[in-house]
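Chemist: Take this structure, written in structure tokens, and hold onto it; I'll ask about it next.
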Amino acid sequence: MTDEPKPTRARRSPLALVTERVVEVLIHVSGFSAILFVFGIFFFVFKEGAPFLSKLDWMQFLFSSEWIPTSSVQPKYGAWALIVGTMSVTVLGMLIAVPFGLGAAVFVSEFCTGRLKETLKIVIELLAAIPSVVWGFIGLKVMSPLIISVFQVPVGVNLFNAAILLALMSVPIMVSIGEDALKAVPDTYREAALALGATRWQTIYRVLIPAGRNGLLAAVLLGVGRAIGETMAVLMATGHAVKIPHSIFDPVRTLTATIAAELGETSQGSPHYQVLFLIGVLLFSITFVVNLAADLIVKGVRRQ
Amino acid sequence: MSDDSQFCITTRDLSLWYAKFQALKQVNLNIRQGLITSLIGPSGCGKTTLLRCFNRVNERCGYVTTTGEIRILDKNIYDPDVSLISLRKAIGMVFQRPNPLPISVYENVVFGLRIHSEGGVKKSELDAAVEVALTEVGLWTDLKDRLNDKAVGLQLEQQQKLCIARLLPLKPEIILMDEPCSALDVDGTRAIEELMFSLKGRYTMVIVTHNMMQARRSSDECIFMLMGEVVEHSRTEELFLTPKNAKTAEYIEGRYG
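Protein chains in written order, with this note's numbering: chain A, 200 to 503; chain B, 37 to 293.
The following block contains the structure:
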């Protein structure tokens, strides 16, 4: 520091300038690292499965439900039942979760105040903190006997059981994101509607839900993403049987659970091993498409 | 009491607290039917609070306490049997920032009709209501081909006119305006003031304004408030030319505020 006052620019030490530069570079690197990681993961998964691509019977893989990967005579790799399993569990789970999740978001955001609101938010976020294997326990030991006795069905670990677990797991995400979306709707809209004599319910379904639909849609799709990718709970609660379900009380098997259950028993580089990686690629593509669709829908809605 | 019938809004010993802070102190007012009455005073004097008492939107915040009474059309609006829904149907409000709802122009105008009708309204009635209301506020020629456009995409002046238009199908007795021109430019302000003149007589209008010149130009009566109290209430010319209270005189001269 010199004695005579100088403009602020000149008084910056060289160290400060270097730090500024370094921090800037670091931030850039962390930003681009996300892209790097995504492509890195995709590349790794694809590389492990790729050698089998040329030998794979695509018709069988996508449309046959014969999954007999360990047969020594003629292994069959039909993933159709697994795809149906994942889709059916996800769809049923979302049918349960969306009304509850969005309903809870509306309740927390519009009807609760003060302490009740804070308590509810904490409890709902606590629900999100339960590890999925614990959900699996609940599915096996609580839900399964309950389903057997209530619905008089032979097996309690089935599509319905897993769908309820998935619903419970994705509701917290929908509530927090949905509540944020409703909170972001300007208060002037609420005032305008109320001052015209609208009831609370009219305000919600005529004004708030249309105004916040981007955020609400994002909330639902994040829940869907959570549900498709979930592994442990569905592994424990679906019944893990490779078949096309005919009722919601039939056991199913999902893509994720198949990878988790079988990958440890395959020898590296074997066809079975490579097919499991291709299933990983398939899962990756499904979530990618869901996310992309979400983005496009949200952008499209915004443009209108 | 023949004189009483001229009054549209009457308050008796109206006091209001936001938690511990007293925002209105023993307000006694008689606001005349069919005229434009403006509420003026420096920021924080309680004029917006008072305005928001008349349709009870203040109560949205849970920590508001009100005592005293407000009689509107010979009924105390704080009586327990008063329905907020029909109260707000009869008393429209225009806000500081134009706040059309994020739906189409058409739906904004018929919003009131839709929410206040039980079994739904005929399309022809809605169409007619839209044409009448938009014609009344001078938007029909500009917007008749754009009824399905988003209302939030209009110019601010048009948005504010639309906010007035959406009150009209409900045939309100009173229109409350909370600084309706503060977000508008000179032309927009003039347009809204002209609109107020054209609506005068059919509706009782109460307008909060920061702009003393606007109060002077556009209102018949004027209420000057300070620190939650009504200091002076008289005809606008009297208040501006021969204020009775020294505080009023100083405020309209611009000594503070």
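Don't be surprised by glycine CBs; every beta carbon is placed ideally from N, CA and C.
#1: Taking C-alpha atoms, which residue in Ser-74(B), Ile-211(B) and Ser-140(B) lies nearest to Asp-181(B)?
#2: Do three or more CB pairs link the stretch 415-429 of chain A to the stretch 292-305 of chain A at distances below 8 Å?
#3: What is the DSSP secondary structure of Ile-139(B), counted as helix, strand or coil?
#4: Can a CB atom of chain B be found closer than 9 Å to the CB of Arg-405(A)?
#5: Can you check whether the CB of Leu-358(A) is closer than 9 Å to the CB of Pro-444(A)?
#6: Mind checking whether Phe-90(B) and Ile-76(B) have CB atoms under 9 Å apart?
#7: For chain A, find out if any of its Cβ atoms is closer than 9 Å to the Cβ of Arg-320(B); answer yes or no.
#8: Given Ala-460(A), which residues of its chain have a CB within under 8 Å of its CB, disregarding the five upstream and five downstream residues?
#9: Using a Cβ-Cβ cut-off of 9 Å, state whether Pro-213(A) counts as contacting chain B.
#10: Around the Cβ of Arg-92(B), are there at least 16 other Cβ atoms within 10 angstroms (buried) or fewer (exposed)?
#11: Are the Cβ atoms of Ile-288(B) and Val-242(B) separated by less than 9 Å?
#12: Please classify Ser-255(B): is it buried, with 16 or more other beta-carbons within 10 angstroms of its beta-carbon, or exposed?
#13: Once the 5 residues before and after Tyr-294(B) are set aside, which same chain residues still bring their CB inside 6 Å of it?
#14: Name, please, each residue of chain B whose Cβ falls closer than 7 Å to the Cβ of Ala-380(A).
#15: Can you tell me which residues form a DSSP beta bridge with Gly-438(A)?
#16: Starting from the Cα of Pro-409(A), find the closest Cα among Thr-387(A), Ser-343(A), Leu-381(A) and Lys-246(A) and give me that residue.
#17: Take Leu-364(A) as the anchor and find which of Val-374(A), Ile-337(A), Gly-355(A) and Leu-345(A) has the nearest alpha-carbon.
#18: Find the residues of chain B that neighbour Ala-410(A), judging by a C-beta separation of less than 9 Å, and give them in chain order.
#19: Using beta-carbon positions only, say whether Val-349(A) and Pro-450(A) come within less than 9 Å of one another.
#20: On the CB-based measure, 16 or more other CB atoms within 10 Å of its CB, does Ala-362(A) come out buried or exposed?
#21: Taking Ala-397(A) as the query, report the chain B residues whose CB atoms sit under 7 Å from its CB, ordered along the chain.
#22: Quick test of your reading: Gly-377(A) and Leu-415(A), contact by CB under 8 Å. State the CB separation rounded to the nearest angstrom.
#23: Have a look at Gln-503(A) and Cys-217(B) and give me their C-alpha separation to the nearest angstrom.
#24: Along chain B, which residues have their Cβ under 8 Å away from the Cβ of Tyr-388(A)?
#25: From Asn-360(A) to Met-342(A), what distance separates their C-alpha atoms?
#26: May I have the straight-line CA-CA distance separating Asp-163(B) from Ile-45(B), to the nearest angstrom?
#27: Could you tell me the alpha carbon to alpha carbon distance between Ala-249(A) and Phe-241(A), rounded to whole angstroms?
#28: Residues of chain B with CB under 9 Å from Gln-312(A), in chain order?
#29: Does the stretch 473-485 of chain A come close enough to the stretch 384-393 of chain A that 3 or more CB-CB pairs lie under 8 Å?
#30: Are the CB atoms of Ile-228(B) and Glu-193(B) within a distance shorter than 9 Å?
#31: Could you say if the stretch 244-259 of chain B and the stretch 66-75 of chain B meet the contact criterion of at least three C-beta pairs nearer than 8 Å?
#32: Starting from Tyr-287(B) and walking both ways along the alpha helix (DSSP H), at which residues does that stretch end?
#33: Would you call the CB atoms of Gly-396(A) and Leu-206(B) closer than 9 Å?
#34: In chain B, what lies closer than 8 Å to Leu-393(A) by C-beta?
#35: I'd like to confirm the pairing. Which residues does DSSP put opposite Val-244(B) in its beta bridges?
#36: Looking at C-alpha atoms only, which residue of Arg-271(B), Ala-126(B), Arg-68(B) and Val-130(B) is the closest neighbour of Ser-244(B)?
Modeler: According to the data block:
#1: Ser-140(B)
#2: yes
#3: coil
#4: yes
#5: yes
#6: no
#7: No statement about residue 320(B) is possible, as the shown extent of chain B runs from 37 to 293 and does not include it.
#8: Leu-434 and His-439
#9: no
#10: buried
#11: no
#12: buried
#13: Because chain B spans 37 through 293 in this model, residue 294(B) falls outside it and cannot be assessed.
#14: Here the premise fails: no neighbours, minimum Cβ distance about 13 Å.
#15: Val-451(A)
#16: Leu-381(A)
#17: Ile-337(A)
#18: Leu-137, Pro-138 and Ile-139
#19: no
#20: buried
#21: Ile-151
#22: 5 Å
#23: Low local confidence applies: a pLDDT of 49 at Gln-503(A) is under 50, so the model's placement there is unreliable, with the coordinate-based value given in what follows. Approximately 28 Å, taken between the alpha carbons.
#24: Asn-135, Leu-137 and Pro-138
#25: 6 Å
#26: 33 Å
#27: 12 Å
#28: It is Thr, not Gln, that sits at residue 312(A) in the sequence shown. Per Cβ cutoff of 9 Å: Gly-98.
#29: no
#30: yes
#31: yes
#32: 282-288
#33: yes
#34: Val-93, Arg-96 and Arg-124
#35: Leu-75(B) and Asp-214(B)
#36: The identity of residue 244(B) in the sequence shown is Val, whereas the question assumes Ser. Residue Val-130(B) is the option with its Cα nearest to Val-244(B).
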